[in-house]
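Data block below; observations after.
Number of protein chains: 2
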Amino acid sequence: MSEESGSLSVRAVRGSAIRDLLAVVEQPGVLSLAGGLPSSESLPVERVARAAAAALRSPSALQYGVTTGAPALREVVHARESAKLGRDAGAVVVTHGSQQALSLLAQALLDPGDAVIVEDPGYIGALQAFDTTRARVIGVPMDADGMRTDELRPILQRARVRIVHTVSNFHNPGGATLAEGRRRELARLADEFGFWIIEDDPYGELRFAGSTVPPVAAYSDRVLRLSSASKIVAPSLRVGWMHGDAGVLALVERLKQGADLCGSSLTQAIAAELLADTAWLDEHVERIRAAYAERALALHAALIEAFGDRLRPTRPEGGMFLWGEFTDGTRTSDRLDEAVAAGVAYVPGSAFAVQRDLSHALRLCFTTGTPEELRKAVHRLATALPA
Amino acid sequence: MSEESGSLSVRAVRGSAIRDLLAVVEQPGVLSLAGGLPSSESLPVERVARAAAAALRSPSALQYGVTTGAPALREVVHARESAKLGRDAGAVVVTHGSQQALSLLAQALLDPGDAVIVEDPGYIGALQAFDTTRARVIGVPMDADGMRTDELRPILQRARVRIVHTVSNFHNPGGATLAEGRRRELARLADEFGFWIIEDDPYGELRFAGSTVPPVAAYSDRVLRLSSASKIVAPSLRVGWMHGDAGVLALVERLKQGADLCGSSLTQAIAAELLADTAWLDEHVERIRAAYAERALALHAALIEAFGDRLRPTRPEGGMFLWGEFTDGTRTSDRLDEAVAAGVAYVPGSAFAVQRDLSHALRLCFTTGTPEELRKAVHRLATALPA
Numbered sequence: 001m002s003e004e005s006g007s008l009s010v011r012a013v014r015g016s017a018i019r020d021l022l023a024v025v026e027q028p029g030v031l032s033l034a035g036g037l038p039s040s041e042s043l044p045v046e047r048v049a050r051a052a053a054a055a056l057r058s059p060s061a062l063q064y065g066v067t068t069g070a071p072a073l074r075e076v077v078h079a080r081e082s083a084k085l086g087r088d089a090g091a092v093v094v095t096h097g098s099q100q101a102l103s104l105l106a107q108a109l110l111d112p113g114d115a116v117i118v119e120d121p122g123y124i125g126a127l128q129a130f131d132t133t134r135a136r137v138i139g140v141p142m143d144a145d146g147m148r149t150d151e152l153r154p155i156l157q158r159a160r161v162r163i164v165h166t167v168s169n170f171h172n173p174g175g176a177t178l179a180e181g182r183r184r185e186l187a188r189l190a191d192e193f194g195f196w197i198i199e200d201d202p203y204g205e206l207r208f209a210g211s212t213v214p215p216v217a218a219y220s221d222r223v224l225r226l227s228s229a230s231k232i233v234a235p236s237l238r239v240g241w242m243h244g245d246a247g248v249l250a251l252v253e254r255l256k257q258g259a260d261l262c263g264s265s266l267t268q269a270i271a272a273e274l275l276a277d278t279a280w281l282d283e284h285v286e287r288i289r290a291a292y293a294e295r296a297l298a299l300h301a302a303l304i305e306a307f308g309d310r311l312r313p314t315r316p317e318g319g320m321f322l323w324g325e326f327t328d329g330t331r332t333s334d335r336l337d338e339a340v341a342a343g344v345a346y347v348p349g350s351a352f353a354v355q356r357d358l359s360h361a362l363r364l365c366f367t368t369g370t371p372e373e374l375r376k377a378v379h380r381l382a383t384a385l386p387a
Numbered sequence: 001m002s003e004e005s006g007s008l009s010v011r012a013v014r015g016s017a018i019r020d021l022l023a024v025v026e027q028p029g030v031l032s033l034a035g036g037l038p039s040s041e042s043l044p045v046e047r048v049a050r051a052a053a054a055a056l057r058s059p060s061a062l063q064y065g066v067t068t069g070a071p072a073l074r075e076v077v078h079a080r081e082s083a084k085l086g087r088d089a090g091a092v093v094v095t096h097g098s099q100q101a102l103s104l105l106a107q108a109l110l111d112p113g114d115a116v117i118v119e120d121p122g123y124i125g126a127l128q129a130f131d132t133t134r135a136r137v138i139g140v141p142m143d144a145d146g147m148r149t150d151e152l153r154p155i156l157q158r159a160r161v162r163i164v165h166t167v168s169n170f171h172n173p174g175g176a177t178l179a180e181g182r183r184r185e186l187a188r189l190a191d192e193f194g195f196w197i198i199e200d201d202p203y204g205e206l207r208f209a210g211s212t213v214p215p216v217a218a219y220s221d222r223v224l225r226l227s228s229a230s231k232i233v234a235p236s237l238r239v240g241w242m243h244g245d246a247g248v249l250a251l252v253e254r255l256k257q258g259a260d261l262c263g264s265s266l267t268q269a270i271a272a273e274l275l276a277d278t279a280w281l282d283e284h285v286e287r288i289r290a291a292y293a294e295r296a297l298a299l300h301a302a303l304i305e306a307f308g309d310r311l312r313p314t315r316p317e318g319g320m321f322l323w324g325e326f327t328d329g330t331r332t333s334d335r336l337d338e339a340v341a342a343g344v345a346y347v348p349g350s351a352f353a354v355q356r357d358l359s360h361a362l363r364l365c366f367t368t369g370t371p372e373e374l375r376k377a378v379h380r381l382a383t384a385l386p387a
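Protein sequences, first through last, are from chains A and B. If you're matching positions, the first sequence starts at 1 in UniProt numbering and goes up one per residue. If you're matching positions, the second sequence starts at 1 in UniProt numbering and goes up one per residue.
Below you can see the structure in the form of structure tokens.
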């Protein structure tokens, strides 16, 4: 098509390879841990139906809306985010899921040749958003405490880094949460070197073990914080948001005008009502946490039992994913066909690799299987991937 | 922020100037013809509420969807567009309004330095989408038969034109419809020079006078045809679509993944139901046409009566806008304050200028005022802009 589009192809193909994978593995008979969806049972159809009916009493729910998002929605998001930060959250722009926030920030902040630092393994959506700008993407390894912030300084000294992106809580795919000390360190570096931190936090409210860590945005003004209603209410509202620096957000607003004019007044009205209904929401999110806790525990226990020392799984404290690394040289990309033949699927670690070799790793999603199904899936996995 | 973002500012400011204008003029007491919204009375709240309730009987209406759009929606769009073309419409991708289709096509097809041809006056949304790519935007004047296609060849011979964008029916802001002979000529030139035509047709079904002209896409395969549910059902569904070349659409799909992952399963389910309910839809669109016909006629007649030869207004055959050019040197940008003081508002032609001097022109929207209100608005306009 064009040279520019040619340059998109590597990651775009990678993204579509995952979709192709999902198409193959999501067949009857295959217990798929490869997906990344909220559980169907957690989707509040009745509550949304009530909110939709209420919103649709006025034609304004069907009309164009303002580019930055419905004022009532921005207000409740602002209040919720300010509470998390312990200070005023600043300007808020509602986006079409947090993926759009990533895409608009990439457009707003990056020139060709600029560098972006991401965690390695990396979140695919972020990699896709950054790749469309022709920025240089540099991966920094993670451990059990999240991004290895001690590896940042030498990179910052040699490259023109404009953005450091982090999925701060319950990383997708890496599972880890960025430790408090590292959040402070990252914030200090942003102030020192003048880059922007994108704190991408769709899972933060889905903590079911351990204790909450303050957002990175609590430690610096150079943080653009992203979250979404997708994991606590419903993906199809396509309601994400970002908050932070007013200058950056004004630029994002202009880019959003060109990208899609505005979000849906209807789904934004629904989101505003549900996020403001704290009695309902607190109970709803608590139910999701309890279900995911039970599933994560079942998956983790079954993996320990089936694989012993051969596999090092993260022990999830929240979110939707468990990350595992084989210690005996098992190459997950090479074994997927056998796994699918045995009736189980996962995403090979290599799909998320930025610079590291992650061919010994895999991502497992624990949200959409019952504990019984997850145990059965692990049993099949052990059969397909013998020592 | 960055050099790239700096280059966006001219048009972005122009876009936001219109928003600022709308904020100023949409005050109590001002009869605004400056907007561009469907009339509130045309928004089918009850029918949408029924469709929403039906969709929300299944959790799938709240889940993530496929990037290209819900299969049921793509199917009905494909059938409708194929009927308009008289042949298979090709691949279909559902987008977040047709604005997102413009934005993704600009990303997919344009490299920095490529040229894009648009009508002059130009559609602001297209100008914003093209500007974010740093493409060169070249305006071609319009007359009563739409884009002056006789002016294209010399431009095509000297510039690397990748896209010609046209709002083929009831142009926003120019009012005109591209004549059939010019559609054929444009298609021939696309085949000869190898550029893509973006046929942007949100208003085509809102014809209330004259006879339908076949789409530009009926004459060439090098047409990416865009339309939307916004003007015939409701803007807040944020359901637009494009159809045409499978290779371009595959690239658009990948870019959409990075831009926002997918549209809303909920609003797409609603749109699929309503577009497939032809008995309801035909009657609904007929009601909109009848209302807009009455309003357009009232506005046109009032302008002729009030301004006589001083103003040359288009005579609308569909869509939402009337374009007028003063013949006596009246400069619309300089007189807007007086108009607002007199209780009426319009958008000055200069807001839509690509290369032409349109300071003597104005855009008037006839959808949101009753005939009585429109006559009153014209009376105020005549008072504020005396000969």
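Where a beta carbon is used, it is the ideal one built from N, C-alpha and C, also for glycine. These numbers were taken from a predicted model, which means no experiment stands behind them.
- If you check the CB distance, L336 (chain B) and L322 (chain B) do not come in under 9 Å.
- DSSP places T177 (chain A) in the coil class of the three-state scheme, outside both helix and strand.
- Counting every other CB atom within 10 Å of its CB across the protein chains shown gives Q157 (chain B) a total below 16, marking it as exposed.
- Proximity to V164 (chain A) across A:A61, A:G308, A:R74 and A:R225 peaks at A:R225, based on C-alpha coordinates.
- Between C262 (chain B) and chain A, the shortest Cβ-Cβ separation is below 9 Å.
- When C-beta atoms of the stretch 114-133 of chain A are compared with those of the stretch 275-285 of chain B, fewer than three pairs fall below 8 Å, so the two segments do not count as touching.
- Taken through DSSP and simplified to helix, strand or coil, L226 (chain A) comes out as strand.
- Not flagged as an interface residue toward chain B: Y292 (chain A), since no C-beta distance is shorter than 9 Å.
- By the criterion of at least three beta-carbon pairs nearer than 8 Å, the stretch 189-196 of chain B is not in contact with the stretch 62-82 of chain B.
- The stretch 41-48 of chain A makes no contact with the stretch 372-387 of chain A; the number of CB pairs closer than 8 Å stays below 3.
- Going by beta carbons, T367 (chain B) and S39 (chain B) fall inside the 9 Å limit.
- Every alpha helix (DSSP H) of 4 residues or more that sits fully in the stretch 49-87 of chain B is shown, in chain order, as 71-85.
- According to the DSSP assignment, A361 (chain B) belongs to the beta strand (DSSP E) that extends over A361 to C365.
- Sequence-distant Cβ neighbours of E180 (chain B) in its own chain, meaning closer than 6 Å and more than five residues away, are V213.
- Counting along the chain, the unbroken beta strand (DSSP E) around T166 (chain B) starts and ends at V161 to T166.
- Buried is the label assigned to A108 (chain B), since at least 16 other Cβ atoms lie within 10 Å of its Cβ.
- Using a CB distance below 7 Å, the part of the stretch 36-55 of chain B facing chain A consists of L37, S40, L43, V45, V48, A49, A52 and A53, ordered along the chain.
- Two segments are said to touch when three or more pairs of C-beta atoms, one from each, lie closer than 8 Å; by this definition the stretch 232-245 of chain A touches the stretch 264-275 of chain A.
- Under the three-state reduction of DSSP, F193 (chain B) is assigned to helix.
- Rounded to whole angstroms, the separation of the alpha carbons of A83 (chain A) and S103 (chain A) is 26 Å.
- In terms of beta-carbon proximity, T327 (chain B) stays away from the interface with chain A, with every pair separated by 9 Å or more.
- Per DSSP, the unbroken alpha helix (DSSP H) holding H379 (chain A) starts and ends at P371 to A384.
- For P348 (chain A), the secondary structure class from DSSP, reduced to helix, strand or coil, is strand.
- By the criterion of a C-beta distance shorter than 8 Å, S228 (chain B) is surrounded in its chain by G97, S98, P202, V239, G240 and W241, once the five residues flanking it on both sides are discounted.
- When C-beta distances to chain B are compared with 8 Å, the residues of the stretch 121-133 of chain A below that value are G125, Q128, A129, D131 and T132, in chain order.
- Annotated three-state conformation of D309 (chain B) is helix, per DSSP.
- DSSP lists B:R207 as the bridge partner or partners of G318 (chain B).
- The C-alpha of T177 (chain B) lies about 51 Å from the C-alpha of P28 (chain A).
- Along the stretch 266-298 of chain B, going in chain order, the ones with a CB nearer than 7 Å to a CB of chain A are L266 and T267.
- The Cβ atoms of A217 (chain B) and A89 (chain B) sit closer than 9 Å to each other.
- If the five residues before and after S168 (chain B) are omitted, its C-beta is found closer than 6 Å to the C-beta atoms of L178, E199, D201 and V216, all from its own chain and listed in chain order.
- Restricting attention to A:F130, A:D245 and A:D120, the CA atom closest to the CA of T149 (chain A) is found in A:D120.
- Between S236 (chain B) and chain A, the shortest Cβ-Cβ separation is below 9 Å.
- The beta carbon of Q99 (chain B) sits closer than 9 Å to some beta carbon of chain A.
- Under the 9 Å criterion on CB atoms, R57 (chain B) is classed as interfacial with respect to chain A.
- A contact between stretches requires three or more CB pairs, one per stretch, nearer than 8 Å, and the stretch 339-356 of chain B fails this requirement with the stretch 300-307 of chain B.
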